[in-house]
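Worksheet: the structure to be examined is printed underneath.
6 protein chains.
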Amino acid sequence: MMKHVRVVTPITTKGFRDLSEFKALEGPELTVSHSEIDLGPASIECEYDEAMALPGTIAKVIEAEREGAQAVVIDCMGDPGMKAGRECVNIPVIGPCESAMHVASMLGHSFSFVTVLARLRPMIEHLAEQYGVPGKMASVRSVDIPVLELEQDMDRTKAALAEVAVRAVEEDGAHAIVFGCTGMLGCADAVRAGLLAKGYDVPVIDPVPLAVRLAASLIESGLSHSKLTYEQPPLKPVAGYDMPPLSVASEAAE
Amino acid sequence: MMKHVRVVTPITTKGFRDLSEFKALEGPELTVSHSEIDLGPASIECEYDEAMALPGTIAKVIEAEREGAQAVVIDCMGDPGMKAGRECVNIPVIGPCESAMHVASMLGHSFSFVTVLARLRPMIEHLAEQYGVPGKMASVRSVDIPVLELEQDMDRTKAALAEVAVRAVEEDGAHAIVFGCTGMLGCADAVRAGLLAKGYDVPVIDPVPLAVRLAASLIESGLSHSKLTYEQPPLKPVAGYDMPPLSVASEAAE
Amino acid sequence: MMKHVRVVTPITTKGFRDLSEFKALEGPELTVSHSEIDLGPASIECEYDEAMALPGTIAKVIEAEREGAQAVVIDCMGDPGMKAGRECVNIPVIGPCESAMHVASMLGHSFSFVTVLARLRPMIEHLAEQYGVPGKMASVRSVDIPVLELEQDMDRTKAALAEVAVRAVEEDGAHAIVFGCTGMLGCADAVRAGLLAKGYDVPVIDPVPLAVRLAASLIESGLSHSKLTYEQPPLKPVAGYDMPPLSVASEAAE
Amino acid sequence: MMKHVRVVTPITTKGFRDLSEFKALEGPELTVSHSEIDLGPASIECEYDEAMALPGTIAKVIEAEREGAQAVVIDCMGDPGMKAGRECVNIPVIGPCESAMHVASMLGHSFSFVTVLARLRPMIEHLAEQYGVPGKMASVRSVDIPVLELEQDMDRTKAALAEVAVRAVEEDGAHAIVFGCTGMLGCADAVRAGLLAKGYDVPVIDPVPLAVRLAASLIESGLSHSKLTYEQPPLKPVAGYDMPPLSVASEAAE
Amino acid sequence: MMKHVRVVTPITTKGFRDLSEFKALEGPELTVSHSEIDLGPASIECEYDEAMALPGTIAKVIEAEREGAQAVVIDCMGDPGMKAGRECVNIPVIGPCESAMHVASMLGHSFSFVTVLARLRPMIEHLAEQYGVPGKMASVRSVDIPVLELEQDMDRTKAALAEVAVRAVEEDGAHAIVFGCTGMLGCADAVRAGLLAKGYDVPVIDPVPLAVRLAASLIESGLSHSKLTYEQPPLKPVAGYDMPPLSVASEAAE
Amino acid sequence: MMKHVRVVTPITTKGFRDLSEFKALEGPELTVSHSEIDLGPASIECEYDEAMALPGTIAKVIEAEREGAQAVVIDCMGDPGMKAGRECVNIPVIGPCESAMHVASMLGHSFSFVTVLARLRPMIEHLAEQYGVPGKMASVRSVDIPVLELEQDMDRTKAALAEVAVRAVEEDGAHAIVFGCTGMLGCADAVRAGLLAKGYDVPVIDPVPLAVRLAASLIESGLSHSKLTYEQPPLKPVAGYDMPPLSVASEAAE
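Residue numbers (the working numbering), protein chains in the order written: chain Y, 1 to 254; chain Z, 1001 to 1254; chain A, 2001 to 2254; chain F, 3001 to 3254; chain L, 4001 to 4254; chain S, 5001 to 5254.
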């Protein structure tokens, strides 16, 4: 069965994503499309950035469903707009942080996050709790490189990630590694090689590709999010925003 | 010492708040001012509403500090913008849900929330986890009255709250009651009377007055939020919003 | 990329599985093969049955890798032999209970299991703890039908499952449903229809199809289990069993 | 409204407290009175000391209510007699450990205790669990100075506290600091300055002043402890003690 | 090896215990002696009673060691003085609540307490947390009979206990039963018979006999409590009490 | 009363156990018998070994009951076959890991395991969770000596254990030590002496002797495992094994 997954990048920096990165995930039965938000921050590195990204991201999630996507992946490890987005549409809305945490929980006894900045530790720890797997996360470590600088020197980024991943294994007892920023897309092979060179045969999760594949699995399985948890929002005025109408299904129901 | 607390109501429905409600909290050394947001939803009843309220609420938190308030209380039990707001300013930013949960934890073995709509249960349970007190919350019960209808018939609202509070005590083992919507302001005496009539001498927390008093206590104690948790956001473009500059302190530092 | 997933049914009752059930999961890039164990119980309904199934199941997991399968799914919700199997091979070994619990955790605030017999509740609660998601499971309910009788009257089975699922939603606060026995394969549509008829739009997880699709996603992502958690067993005599040699990789290494 | 808070110091060392320390907390609407116990240990540094302090402390809590205080603060971080005291009176009885833990939970992602002796770590960890916030406490560190020596060399005490607080931040991930002994009263500014000098802008909680202000807030809010949790003790003989009769309210009821 | 276990009953009601109850536990290698406290309440039914029992109980624990007992069992399910007692002596001090909770955790998936008064639920829940087994306790139920009335009509007591135990199994999912008051000594057979009559083959723990046998096992194993947790109290004046000197060992060391 | 405890060693290495080790535990009222399994691995050092030990161990548990033993102790810290064994018989089946964890929880604030190989850490952490005491375990450390080499040089084994135990106390905060392999039988005195030499007066648990004594205490108390948790297995064919019939009681019932 043909499946169409939309990736929504919740920042306003043009050119951050090269569409070919998502095309590589396509297959004979899988289409991956992409959009960026119009309203919001240049990058997401704190609670404030994430808050400012929400309205723009939700608009793009609604748009994705209206344009025929069967699932949405939000391209940020803070999973901004994931919950509100699920309320607004009937298709699955996947947060790469949530799906990476759950898959990592299955792949080993414990996992560590390697992310961009130390300040993100409390946010990631809160997400592990909220997603129900706090006992599985060994640590959150960071490479101290801002999001928009990750791609400036990919060799440096990969080397820094590998070094931090080795320390997570040796000092924190990590049995699997998860990238804590979707800007690290494409670095998994290098980091895994760095770990293997030290004798550590552990999985390294690149969250967006995994989230796209999980989205495809949910479409095939006919599964979407529970409407008991994510009931459609009550209709009401929202001052100052020009949001698309909520889900097609709800529109039909009116 | 004189203290100035600003209450920010994070919805755009004019007239929802009667300023006299906050004036009653003032004292010889306490001033309470108030503002409403310009950008956002008419009321907050789901994740979507809350997401849409964030940019407007954060703007008002920043404005409060610039206007000389020494602490901010956010007038909604979802605590929208609390974390992002704390990053943006140096004064305490109090969420009434967080402070009510912690004070209720001190007043009895367990507490229950009585809120407006059943759909809010997952949100409130997540907040209890995130605030570190999941083991103290006995249950979340609702009166099934939308936020903007609470004040239409206060007698009905009070009666419904009292009835649900009694059930929380009898069926869920609640030893304290917390209102799960700040629109229930002023109903505590009636609900406590209803509980006493059944023989239950339990505290009933009206979260906004308590949060204002806690804010004053923090000002007196010279305490504010940890900048290790709530580091100031990195400066970066935010497309589509006209936000006030961040905290006065940071401005001075530039 | 072509993917080959082997399903191992860890019981010795011939004809329990109709191969067409797994063929339906195949696609242009996915092959699903199947085997049953030679040594072990007729069905799995308690700790004793599960213990007796382990050596036979592990043998079939090793055989699967030797025959070229790229992932194994164990066809029982007790996930028998999953951990030991992961030690013995280098390909992913998926337990449908573990993967269903993690996917259900993503689809809603909480999930309930509907299983065959009440006696399985402690086992399933232990698995939820061991897999790291105890806080997400609302309840375990049962239809009181032994495994080998499930298929005798599928209409009765579906009706019983739907009724119990409705009770899990209404009485336990379940926001998603997971089948607690892989013998319930194919009942998800009927149960979901029963829930929708009561107004509950919640996902119903049929664990084996989901596990097969997740296995395919792991193969595509180049992910397998952590060898820090599942290190290969030390070579030693095992009296009384004629086990296949361990993984091909280990053999090459000798 | 005028408020009267009584501080009860649960040790028998005369002159340990200088009343001026509490007078500094008074305001136009707040009176702070003080008493010490007659029966019990010279200082509290272990379970035994705490046990021996209980009858004397409870007597002083009852006396406080009879003398018109509207709230009691127990001046020891073990919160001795707090629970029994709450049973005996109808006014709030505040333990500074409990209130500091809850306020610290609100001020940052995590907090550490800096206390007198290493042996107190199990007691403080048990209190964090009992008060419902175990996940918020990063560590318990100590300065290795007995209680009655704290005031002998306040400069040394402050320097030791600051040094240990810095280590709690750097090695344990603390985002806020709580004094683990009320004998450290008055050291917060020095410790906070020491932390700021290292670049750590984190709150430092001096528990007794905070507890007095919280007590005042509870009086203003008309809140006291739940009588479902702290029901009045049944009347019965207690051999060997000359305790004051229980609360005025109960007396009236007789 | 001969073993001598002292049972300390921490109340001042003379005749509450019939020494023959403890003699029945003796054997060819086990002596059980008994003492009651001189200072404290007539019975223990709340935090206040327990607090008032502590000094007297600790005195009797110290006396037991001085008189040659090799282990002490405290005859009350609140385990009053257990921790302080362990600091004061070098022999094991067993709390029947702690040992019953741990043994019950081994005997079944979950256990329930059946105790005297509903008001004890918070105390027992706190003990389960403090002893490290909160996840094993299904519920606390009560028969609503004060401690000193338990023995007035043993048939009524047994019938009430059996009825409540059955409800714990049926409504709370209890798989084992623990008596929540040591005054229920001798009722286990009757309660177990009542459960069996309903088809429930579950263990019923009578905590004091079990604690005495566990104490004997610790003596045989040469085990006592950790002095890292229970370090001897620092020597200091305690006003108003005439306590025996601390442990013989410490005396010798002086 | 005479008691008969059977120790079942779940490995097939002949001569691993010297019967005199168990005879030393006997007394005037206690007989200890012993058996080894016929089917299974030479030693248990991973999930695979444990899985392969299960059928053989269960057979010996059933045999023990048929031969008149009143309790069984399984001689391995993975507690293999403990749960399945409990289903098959009516006498208590004690796992030394479970009983050591619970007793260690009573003896100090926290305990650490010192075991043979680092790879066992996840298994032991899972057992601590499953047994309900995860919060009590400070760490799992290993001496890196395979099971069958432990006895080759007992002095080296004891020295390694003592060194690792000291590190558990100093670096992990352990207040008690538990041996993580029953092959360390007889090393407790040496390890305790090593700890005392460093000034650490902490208990060291040798799990099998303790389990035998606990088994005797359960027999004396008339306690066995809950049949609600460990219901007898349904009768069904098990291909490829020649198991003894289930418990005598069940046989009688047929």
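We put the CB at the ideal spot given by N, CA and C, even for glycine.
Q: Please confirm if GLN4152(L) has its CB atom under 7 angstroms from at least one CB of chain F.
A: no
Q. In three-state DSSP terms, what is LEU2185(A)?
A. coil
Q) Taking the alpha-carbon positions, what's the ALA3059(F) to GLU3087(F) distance? A) 12 angstroms
Q | Given VAL4166(L) as reference, the closest of GLN4152(L), GLN4130(L), PRO4203(L) and LYS4136(L) once Cα atoms are compared | A | PRO4203(L)
Q | Backbone secondary structure at GLY81(Y) - three-state DSSP | A | coil
**Q.** Status (buried if at least 16 other CB within 10 Å, exposed otherwise) for ALA4176(L)
**A.** buried
Q.
Rounding to the nearest angstrom, what Cα-Cα distance links LYS5003(S) and LYS5014(S) in this structure?
A. 27 angstroms
Q) Is the Cβ-Cβ distance between LEU5223(S) and VAL5208(S) less than 7 angstroms? A) no
Q.
Quick test of the definition: if touching needs 3 or more C-beta pairs under 8 angstroms, does the stretch 1156–1175 of chain Z touch the stretch 1192–1202 of chain Z?
A. yes
Q | Where PRO146(Y) falls: helix, strand or coil (DSSP) | A | coil
(Q) On the criterion of 16 or more Cβ atoms from any shown chain inside 10 Å, does GLU2024(A) qualify as buried, or is it exposed? (A) The question names Glu, but residue 2024(A) in the sequence shown is Ala. It counts as exposed.
Q. Taking Cβ positions only, does TYR131(Y) come closer than 7 angstroms to chain Z?
A. no
Q: Determine, using beta carbons only, whether LEU54(Y) and LEU1150(Z) come nearer to each other than 7 angstroms.
A: no
Q: Determine the direct distance from the alpha carbon of SER1043(Z) to that of GLU125(Y), and round the result to whole angstroms.
A: 30 angstroms
Q. Are any of the Cβ atoms in chain S nearer than 7 angstroms to that of HIS4(Y)?
A. no
Q. Along the chain, where does the beta strand (DSSP E) that runs through VAL73(Y) open and close?
A. 71–74
Q: Go ahead and pull the three-state DSSP assignment for ILE4037(L).
A: coil
Q.
Using the Cβ count rule (16 or more neighbours within 10 Å means buried), how would you classify ASP2144(A)?
A. exposed
Q: Taking VAL2032(A) and PHE2022(A) to be in contact with their CB atoms under 8 angstroms, please state how far apart those CB atoms are, rounded to whole angstroms.
A: 4 angstroms
Q.
Contact between the stretch 5091–5104 of chain S and the stretch 5120–5140 of chain S is defined here as three or more beta-carbon pairs at a separation below 8 angstroms; is this criterion met?
A. yes
Q: Step through the CB atoms of chain F and report whether any lies within less than 7 angstroms of the CB of MET958(Z).
A: This structure cannot speak to residue 958(Z), because chain Z is shown only from 1001 to 1254.
Q. Looking only at its own chain, which residues have a Cβ that is under 6 angstroms from the Cβ of VAL4169(L), when we skip the five neighbours before and after it?
A. TYR4200
Q) Are the Cβ atoms of THR5115(S) and SER5142(S) separated by less than 7 angstroms? A) yes
Q: Quick one: which residues of the stretch 4216–4240 of chain L get their C-beta closer than 8 angstroms to a C-beta of chain F? List them in chain order.
A: THR4229, TYR4230, GLU4231, PRO4233, PRO4234, LYS4236, PRO4237, VAL4238, ALA4239 and GLY4240
Q. Could one say the Cβ of PRO3245(F) lies closer than 7 angstroms to chain S's Cβ atoms, at least one of them?
A. no
Q) In chain order, what residues of the same chain lie with their CB nearer than 6 angstroms to the CB of GLY1040(Z), ignoring the 5 residues before and after it? A) THR1012, MET1052, ALA1053 and GLY1056
Q) Does the beta carbon of HIS1034(Z) sit closer than 7 angstroms to a beta carbon anywhere in chain L? A) no
Q | For LYS3227(F), the nearest candidate out of PRO3092(F), ALA3188(F), TYR3241(F) and LEU3107(F) (CA to CA) | A | PRO3092(F)
Q: Go through its chain and collect everything with a Cβ distance to CYS1046(Z)'s Cβ below 7 angstroms, but skip five positions before and after it.
A: ARG1119
Q. Would you say ASP4132(L) and LYS5136(S) are within 7 angstroms of each other, going by their C-beta atoms?
A. It is worth fixing the name first, because residue 4132(L) is Gly in this sequence and not Asp. Their beta carbons are under 7 angstroms apart, which means GLY4132(L) touches LYS5136(S) by this criterion.
Q.
Between which residues of its own chain and ALA4128(L) is the CB-CB distance below 7 angstroms, once the five residues before and five after are set aside?
A. MET4101, PRO4134 and MET4137
Q.
Taking the alpha carbon of GLY5180(S) as the reference point, which residue from LEU5030(S), SER5221(S) and ASP5206(S) has its own alpha carbon closest?
A. ASP5206(S)
Q) Can a CB atom of chain Z be found closer than 7 angstroms to the CB of ARG3213(F)? A) yes
Q) Going along the chain, which residues of the stretch 1064–1083 of chain Z sit with their C-beta nearer than 7 angstroms to a C-beta in chain Y? A) GLY1081 and LYS1083
**Q.** Spatial neighbours of ALA5104(S) in its chain, beta-carbon cut-off 6 angstroms, leaving aside the 5 residues before and after
**A.** PHE5111, ALA5176, VAL5178 and ILE5205
Q. Count the other CB atoms within 10 Å of the CB of MET5077(S); is the residue buried (16 or more) or exposed (fewer)?
A. buried
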